[in-house]
Amino acid sequence: MNASRRNMSFPLRTRSLPFRSVAASLLSAVALSAAGQALAEEDPIKVGILHSLSGTMAISESTLKDTVEMLIAQQNEQGGLLGRQLEAVVVDPASNWPLFAERARELLEQHEVDVVFGNWTSVSRKAVLPVFEELNGLLFYPVQYEGEESSENVFYTGAAPNQQAIPAVEYLINEMGIERFALLGTDYVYPRTTNRILEAFLKEEHGIADEDIMINYTPFGHSDWQNIVAEVRRFGSEGKPTAVVSTINGDANVPFYRELGNQGVDAGDIPVIAFSVGEQELTGIDTAPLVGHLAAWNYFMSVDTDANYDFIDAWIDWTGDEEAVTNDPMEAHYIGFNMWAEAVRKAGTTDPDAIKDAIIGVVVPNLSGSYAAMMPNHHITKPVLIGEVQDNGQFDIVWQTPSTVAGDAWSEFLPGSRDLMADWQAPMRCGNFNVATGRCGGSTAAEEAEAALAE
Amino acid sequence: MSILRSLAQRDRVFDFLVPAASPVDVRHGPILYLEDVTVSFDGFKAINDLSLTIDDGELRCIIGPNGAGKTTMMDIITGKTRPDSGQVWFGSRHDLLTMNEPEIASLGIGRKFQKPTVFEALTVFENLELAMAADKRILPTLTARMNGEIRDRIDEVLEVIGLKALRGRPAGILSHGQKQWLEIGMLLMQRPRLLLVDEPVAGMTEQEMERTAELLTGLAGKQSVVVVEHDMGFVRSIARKVTVLHQGSVLAEGSMDQVSSDPRVVEVYLGAEAEEETV
Amino acid sequence: MDSSRLWLLRPFGERSTLIFLGVLLAAMTLVTLLHVALAPGHPLYVNAYTVNLFGKYLSYALLAVAVDLVWGYLGILSLGHGAFFALGGYAMGMYLMRQIGERGVYGHPVLPDFMVFLNWDSLPWYWLGFDMAWFAFLMVLLVPGVLALVFGFLAFRSRVTGVYLSIITQALTFALMLAFFRNEMGFGGSDGLTDFREILGFNLRSSETRLGLFLASGVALALGYVLCRAIVTSKLGRVCVATRDAEARTRFLGYRVERFQLFVFVVSAMLAGLAGALYVPQVGIINPSEFSPLFSIEIVLWVALGGRATLYGAVIGALLVNYAKTYFTGAMPDAWLFALGGLFVVVTVFLPKGVAGLLALRLRQRRDDGGSLSGKEASA
Amino acid sequence: MRILLALALVLGFIMTPPALAQDTEPTDDAAAMTLLEALDVDSFPVKGEAIDAIVRSDDPRARDWLQALLDGRLQRADDGRFVVVLDNTGRDWPVQDALTGESLGEMSRRDLGRIGINNALRNQLRSAIAVVDLYSPDLQLRRASAERLLGEVDGDLAGPLAEVIEEETDARVRGRLTQALAIYRLEQGELEAIDDLHGSLHSRVRVALNRAANADDPLIADAAREALSGIEQMLKVNRAAETLYFGLSLGSVLVLAAIGLAITFGVMGVINMAHGELIMLGAYTTWAMQQLLPGQPGLALILAIPAGFMVSALAGIAIERGVIQFLKGRPLETLLATFGISLILQQLVRTGISPLNRTVITPEWMSGSIAVNDALSLTLNRMYVLGFALVVFALLMLVMRRTRLGLEVRAVTQNRTMARSMGIRATRVDILTFALGSGVAGLAGVALSQLTNVGPNLGQNYIIDSFMVVVFGGVGNLWGTLVAGLSLGVINQVLEPWAGAVMAKIIVLVFIILFIQKRPRGLFPQKGRAAEG
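Residue numbers (the numbering used here), protein chains in the order written: chain F, 2 to 456; chain S, 8 to 286; chain L, 457 to 836; chain A, 614 to 1146.
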């Protein structure tokens, strides 16, 4: 703090402004890094938290920061890990993707943290990925995502498409007899990929015709849904049971559901199944017109287990808010944190390479009464739950997979990734091994494209 | 795509090698010629069938009550306002209605505004430097260098307008009268064939006014000068020929004495003045 | 010939430029020495993170200089300079993307990962050529330049100035942001371009390359500064100032104001593009949020804080605000927007001439010791 | 599902119409318990049979149970009792006994287990309730019930339905039920049934006719095709009307958001980048009013109109006095300073209230839509907003044209020095104008709270659009703003189905950018020397 104040006041008093200013910021930065180094000699294990606390993503991410802090406090109450206390190092990437990379570098290089829990959006993960690989850090990523990635340094504790989207659509077909699908999404990578996977899945596995699939993308924060809802209504009024599969993101949901309600589309006519609407998103919505619409997650706050009730009570005590809600990414951090702690105990060290070896195969209980295991592809096993919105902003679980599902890093429904697999165990240690060519990092898509370009 | 095409068609605009405008042709008569010019704003006819000719080297004063259309007429001549109908010619070769302000300016029509506008952030010297007749395209301007000849010319004008001592000061600190002179100085630097001067003595002291009168009469002969002025005393002191504008057209024209004895002019003027007094 | 070269050298005769360059050079040398010569762990050691951070600040500083050129000297408040910055960044990003080659996760030799991912079978035409460094670097300047040329040509020709121009530049960058967010555009949608490996054969993940990029940013800033300085000290610069203060008058003097505006606007856009191209390899990602109107307005704040129409003020402003941002978002994230918002208000209301203005005021007061004119001038 | 419904219906109808079951003896509690216990199973098909059993039971409490089940309020406590949850927010919920109806106080949600249903069961429950309601004396319930039965009629229901139609007094219910029956008759190959379906725009009728158009009987197929082509024509007209409505509705939002700006920007030449945040304040005022008046969202909304105006107007005055008055004649600087204010206001809301969106409830009378016909229904909330926008516009015009303030504002706009010399206190006019513009932004916020998120980012989403509308319409011209807003809304909605939402927006932006090049002063420019400024 002093450093910055000194820096700010310099130019006011001196003549040769540029030099002093640069020198001052330089010195203060040096002082910062020196302080960081001195701390590194101390005992506590450092846990980095890389969640936006300001900007547009703060809505979703700031609760995850609190979750990790709560988990760290709980762990410390139990005596820490390896006889050392845990210490949270919180930075704010401010919903700015380049800043994510910078902050990740700060955590790893400046603060020398042992592990990082963080990120929400895919783009922020993509931005920090090179940093974690370069500096050999560990990142636990807690949000459902589009898959098509497996990094040696990242552990994906959220759902891959086969742990959320595909079971959800199977539920629609098998349990609800849906025959037409409107795939609505916000225009970014997660909905694009999920919808492509679903499209391929619907056509290949269930023989759904082209005209029975409608795909539409809208920009972030889209607020005028009149036309699209009208179109969906028409799409759904042609005799076949129809459902909307929504990958609509964040803020755009409120006006979307409102328009649905006002145009008289209710869950009985055209149910909407959402992959990005959880308990937290519902706190900003008048849920009365939404009752009966669906969401697919790996955890709901309404899960009826003692572990979950304990978690909720701890969360309410931690936040001091009686109305505080829990959601799926929080559970993912709960699982990820416990897995990491277990791996540290197993390895007897926090050294990243040792953890990477130790964590594969680690099994910890989740909050819905089953167990999560870390797979060799750095994804975990999860149950898939389908919930219906209730008028109190909670979900009523109407269906769940009989057992847990292991996450696929590479989807079998995308031509580019069909032959890829990830295995971070020795001796393979490869995130994109091509079973067709037997090479790590290769793909038949290469030859196909070369042929295509040659034509 | 059409943008690109229009760019291509307008490559003339980016051609820095266009020769300077050809000299004014005054062999066949007046230097400025307005015929049947009409312009209206929201239905109000600011200029109504105005016809006017200015001879080469003439000093002409234009008077008229407020709203007679004096400034609008200036706007039309300098290309700022386009008339609804009519013709405006500079010499017998240049149709001013087809040209924009810089083109008109580089033909040699200089204008002094009613409210003095000088570049306040620049020094007096720099103001004159910018006004100087020179190659005003981009690259020559970028690479332009100061030399003795230019400096001499600027000094000469500084001398004329009496601002030599203030040459290095920002024009923003000048007094009102000094700004008026600086602006006239800028006009002189342009070496115009035709000078349009809008209320040059507004806000000047008696002494300053005299100097200004000297300046303007000294210019006539070499250049044509059109002065729009309210101050009758000043007009009388410089005028050879006077045009009276009223409601957008010419009411009377002639020497000061002729004009001031014209009953229509008296009526318009006295009426207007009486009105002004009541406000 | 001689004279046309001379205008570029003119700034070297100015004391302020020499001081600026001297300080910049000294800072760059110091950082390099502290980074290279000292062992990690030494209290004065500058680690790669800090070098990288400074490199980013320097590219921002170049961007600020570009904005100051049009705002400070031409009076055009562009709220869309982020667009030129981002376009330069995208051009560089496309080059870096092509350099990944077979090392992408899908191992495709030609197509970037996101195209394989979206099932494209060939490279769109506008990606062709970006595997060649010279072409990409040319595009870094040309793409923003051409956009500025077309946009500026239309705007200046119809004399859209002042507030209107500010608003439509904002609309321009907003429209581009929406466009680049679309995945169909072929620029990676919201994820943008990332996962870069190397630049001109140097590994982007090594600290030597990072140092190199930091130095390159410093050199680019120095060159950009000298170029802008040369422009503003020329007669053309004075025409710009004249245009800023009295556009109509300048026209009546025979200057084709719109061409001067266009020329300077295009130069400025190209500099912004260059800044973007230096920024991207240092932060490792370029995505459409760089087009956000918020960012463009923030750039203007840097310039306003540092002081308009001085160029070095823009550099000071960019460094100060970004350092404050780094500090605040780390130490008290909630306070950052308050601080930023407060800065906007305080600077415009109380510090219209920015830090550089304060500095100049002090200097003058010291020089003519109670001189009566200085106060008047400062307020004029 | 279809069979279950029919079964429930037929049995319920033939044995004793459930609506008339009130006066039969209640079954004893043990039997009722058995009925409810059958619901407490995991399998949804089995649950469906249990619901069926309840429908057949004649128990007078059946409808309440079905309704509670439908609402998710029927739960089973750990001690085995069935309860109806009265309020399911918080950790402890008030409940009452499902059998006796007596209140049991509060129970922890840990001790309660929900009888879950899915959408299939929900439809089954609704249909069962609908059939019961067909005999209800309540006209609204009968109408809703008739609406549901369209396309759901089969052989077992056809006979009883014909009798119901005979006895029905309400024309709308009768018409609907006739159509429902006609669809069934058409399926049975009755050519005359098509006469009853002619001109109906209902999608289920269309589905039935489409099916008939592919029938083996050429007579029926032709008749169906003919009926369909007539319907298609009418649909096209309706589609166009719908798009126009969407466009006007979007346009009205733009007008509301922009009109306050048109005043501050157009009249005062002040670029207020915090305008969006003034809108946001209006929206938060609505939320605050609803918090103050729980249970009365409609009243709160109406009271929010003056309150929102006042809150934003006061904020506007604070901005004008605190910042803008120091920046007279420096429009670009006001732009920067007010941008700073917008950041501060956003962050204030984030730290002071919450970064999360707030729930603003739509009152009953604003939800749903007015059905013009079966293919065209106009959503009520947007209709209200459209009307509201027009009223606000008319009032503003009145203020500007007919009041002393309006006169003074126009005078100051035209010539500040002249106005001042004539004794107009320009400072006071500035304050009032800015307050007025800001207050109108607050009104926009109240309206927007019914359409979109109420959160810290609300304002940002509208600021660029608002500027576009003002600039497009012509600065200093309220009519221009109205025309510009509405036409941009319509253009956007016409383009959207064809180009997609994002492209539509980009096209509109590019169009405005190019338009400004062509006509730098907008659609309705101010002319004359004063405008040259």
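Glycine included, each C-beta is placed from N, C-alpha and C at the ideal position.
Which parts of the segment 354-417 of chain F are runs of the beta strand (DSSP E), unbroken and 3 residues or longer, counting only runs that do not cross its ends? List check, beta strand (DSSP E) in window: 364-366, 372-374, 386-390, 396-401.
Short of 8 angstroms in beta carbon distance, which residues of its chain neighbour S:Glu287, apart from the five on each side in sequence? Order them along the chain. Because chain S spans 8 through 286 in this model, residue 287 of chain S falls outside it and cannot be assessed.
What does the Cβ neighbour count give for L:Phe637, buried or exposed, with the cut at 16 atoms within 10 Å? Flag for L:Phe637 reads buried.
Can you give the Cα-Cα distance for S:Lys186 and S:Pro123, rounded to whole angstroms? Roughly 6 angstroms between the two C-alpha positions.
Do you know how far the Cα of F:Glu239 is from the Cα of F:Glu176? Their backbone Cα atoms lie some 21 angstroms apart in a straight line.
Compute the distance between the beta-carbons of A:Leu790 and A:Ala825, then report whether it is under 8 angstroms. Against a cut-off of 8 angstroms, the Cβ pair of A:Ala825 and A:Leu790 comes out as no contact.
A:Ser980 versus A:Asp987, A:Leu993, A:Val973, A:Pro968, residue with shortest Cα-Cα distance: Considering only alpha carbons, the answer is A:Leu993.
Determine the contact status of A:Phe1080 and F:Gln227, defining contact as a CB-CB distance below 8 angstroms. No, the Cβ-Cβ distance between A:Phe1080 and F:Gln227 is not below 8 angstroms.
Nearest residue (CA-CA) to A:Val1059, options A:Arg755, A:Leu648, A:Gly1086, A:Gly889: Between A:Val1059 and the set A:Arg755, A:Leu648, A:Gly1086, A:Gly889, the nearest pair of CA atoms involves A:Gly889.
To which residues of the same chain is A:Gly921 closer than 7 angstroms at the C-beta, ignoring the five residues directly before and after it? Answer for A:Gly921: Gly895, Thr898, Thr899, Gly1055, Leu1056, Gly1058, Val1059, listed in chain order.
Output needed in chain order: residues of the segment 625-647 of chain L with a Cβ under 8 angstroms from some Cβ in chain S. Going along the segment 625-647 of chain L in chain order, one finds no residue with a Cβ nearer than 8 angstroms to chain S.
Which residue's Cα is closest to the Cα of F:Asp424: F:Ile381, F:Asp392, F:Leu72, F:Leu184? Selected option, being the one with the closest Cα: F:Ile381.
C-beta atoms of F:Ser277 and F:Asp397 nearer than 8 angstroms: Not a contact, by the Cβ cut-off of 8 angstroms.
C-beta atoms of S:Leu189 and S:Leu170 nearer than 8 angstroms: Yes; because the gap between Cβ atoms is below 8 angstroms, this pair is in contact.
For S:Ala15, count neighbouring Cβ atoms within 10 angstroms of its own Cβ and tell me buried if that reaches 16, exposed if not. In this prediction, S:Ala15 scores a pLDDT of 45, lower than 50, which makes its location untrustworthy; the coordinate-derived value is nonetheless stated afterwards. S:Ala15 comes out exposed.
Out of curiosity, what's the CA-to-CA distance linking F:Ala30 and A:Gly929? Low per-residue confidence applies at F:Ala30: pLDDT is 48, beneath 50, and the placement is therefore not dependable, though the value from the model is reported in the following sentence. The alpha-carbon atoms of F:Ala30 and A:Gly929 are separated by roughly 41 angstroms.
Comparing the C-beta of S:Ser29 with each C-beta of chain L, is any distance below 8 angstroms? Since pLDDT at S:Ser29 reaches only 47, below the 50 mark, its modelled position is unreliable, and the value read off the structure follows with that caveat. No, because no Cβ of chain L sits closer than 8 angstroms to the Cβ of S:Ser29.
Measure the alpha-carbon distance for S:Ser113 versus S:Met139 and round it to whole angstroms. Each residue's alpha carbon lies about 11 angstroms from the other.
Distance between S:Thr88 and L:Arg820 (C-alpha atoms, nearest Å): Between L:Arg820 and S:Thr88, the C-alpha separation is close to 44 angstroms.
Rounded to the nearest angstrom, how far is the Cβ of F:Gln281 from that of F:Asn250, given a contact under 8 angstroms? With 8 angstroms as the limit, F:Gln281 and F:Asn250 do not qualify as a contact, their Cβ atoms being about 13 angstroms apart.
Do S:Gly115 and S:Leu201 come within 8 angstroms of each other at the CB atom, strictly closer than that value? Between S:Leu201 and S:Gly115, the C-beta spacing is below 8 angstroms.
Using a cut-off of 7 angstroms between C-beta atoms, extract the partners of L:Ile753 located in chain F. Within 7 angstroms Cβ-Cβ: nothing; L:Ile753 doesn't reach chain F, min ~15 angstroms.
Counted within 10 angstroms of its Cβ, other Cβ atoms place A:Gly718 as buried (16 or more) or exposed: A:Gly718 is exposed by the Cβ-count criterion.
Would F:Asn393 pass as an interface residue toward chain A - the criterion being a Cβ-Cβ separation below 8 angstroms? It does: the Cβ of F:Asn393 has a partner Cβ on chain A nearer than 8 angstroms.
Could you give the first and the last residue of the continuous alpha helix (DSSP H) run that contains A:Val708? In the DSSP assignment, A:Val708 falls outside any alpha helix (DSSP H) and lies within the beta strand (DSSP E) extending over 705-710.
Checking contacts by CB at 8 angstroms: is S:Lys143 closer than that to chain L? True, the Cβ-Cβ gap to chain L drops below 8 angstroms.
Assuming contact is defined by CB atoms lying nearer than 8 angstroms, are S:Glu108 and L:Phe708 in contact in what I supplied? The answer is yes: Cβ separation under 8 angstroms.
How would you list, in chain order, the residues of chain F whose beta-carbon sits under 9 angstroms from the beta-carbon of L:Leu509? Contact of L:Leu509 with chain F by beta-carbon distance below 9 angstroms involves Ala30, Glu103, Arg106, Glu107.
Check the C-beta distance from S:Gly184 over to S:Glu133 and give it rounded, since I have them as a contact under 8 angstroms. Rounded to the nearest angstrom, the Cβ distance from S:Gly184 to S:Glu133 is 20 angstroms, too far for a contact under 8 angstroms.
Span separating the alpha-carbon of A:Ala1002 from that of F:Ala297: Here the C-alpha atom of A:Ala1002 lies approximately 39 angstroms from the C-alpha atom of F:Ala297.
Buried or exposed, going by whether 16 or more other CB atoms sit within 10 Å of the CB of L:Phe806? Exposed: under 16 other Cβ atoms inside 10 Å.
How many whole angstroms separate the CB atoms of A:Ile876 and A:Leu1049, which I take to be in contact at a CB cut-off of 8 angstroms? Sure, about 6 angstroms apart at Cβ, within 8 angstroms.
Assigned secondary structure, S:Lys119 (DSSP; H/G/I helix, E/B strand, else coil): Secondary structure at S:Lys119: strand, using DSSP grouped into helix, strand and coil.
Label A:Val850 either buried or exposed according to how many other C-beta atoms from any shown protein chain fall within 10 Å of its C-beta, with 16 as the threshold for buried. Residue burial is scored here from C-beta neighbours: A:Val850 has fewer than 16 other C-beta atoms within 10 angstroms and is therefore classed as exposed.
Could you tell me whether any Cβ in chain F is nearer than 8 angstroms to the Cβ of A:Pro707? So, not an interface residue.
DSSP-derived helix/strand/coil call for L:Arg638: Three-state result, L:Arg638: coil.
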